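Accompanying notes for the structure given below.
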Amino acid sequence: IREVDRNHIIFLGGAQWDTNFKVFGTPFDDKVAYTFHKYWMDVNQQAIQEYLDFRDKHNVPVWMGESGENTDEWIGSFRTLLELNNIGWCFWPYK
Numbered sequence: 029i030r031e032v033d034r035n036h037i038i039f040l041g042g043a044q045w046d047t048n049f050k051v052f053g054t055p056f057d058d059k060v061a062y063t064f065h066k067y068w069m070d071v072n073q074q075a076i077q078e079y080l081d082f083r084d085k086h087n088v089p090v091w092m093g094e095s096g097e098n099t100d101e102w103i104g105s106f107r108t109l110l111e112l113n114n115i116g117w118c119f120w121p122y123k
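Structure, rendered in structure tokens:
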């Protein structure tokens, strides 16, 4: 990718459907972001803490790239949790 384009961000997702960041080492590029997916979990700080720890350790952006398929209350609570922790997000799919 970098042989062709040094400008755009590369998004990397963890193992096991973008949930496991343990596969990542030190960032190899200054324009890389890391994305995770979350479904069907309790909405609390512990549910996203490993991604926050990774972000803070490596000083990289983290984005919640896929979630949804739950109650309106769950979606609202999860969105609030993400925003309180400065994590961008989207829902997949939101119908």
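So the mapping is simple: this note's numbering equals the position in the sequence shown, first residue as 1, plus 28. Backbone N, C-alpha and C fix where the C-beta goes; we use that ideal spot for every residue, glycine too. No experiment lies behind these values; they were computed from the predicted model shown.
For residue i, list the residues DSSP reports as bridge partners.
i, result
"Y62", "L40 and V90"
"N48", "A43"
Going by CA-CA distance only, name the one from the options that's closest to residue i.
i, options, result
"K59", "H65, K50, R30 and Q73", "R30"
"W68", "N35, H36 and W102", "W102"
Excluding the 5 residues preceding and the 5 following residue i in the sequence, name in chain order all residues of the same chain whose CB lies nearer than 7 Å to its CB.
i, result
"L80", "N113"
"H65", "W45, D46, T47, G93, E94 and S95"
Can you tell me where the alpha helix (DSSP H) holding residue i begins and where it ends?
i, result
"S105", "D100 to L112"
CB-CB under 8 Å to residue i, same chain, minus the five flanking residues each way: which ones, in chain order?
i, result
"K50", "G42 and A43"
Which residues in the same chain as residue i place their Cβ atom closer than 6 Å to its Cβ, once the five residues preceding and following it in sequence are excluded?
i, result
"G53", "none"
"A75", "M69"
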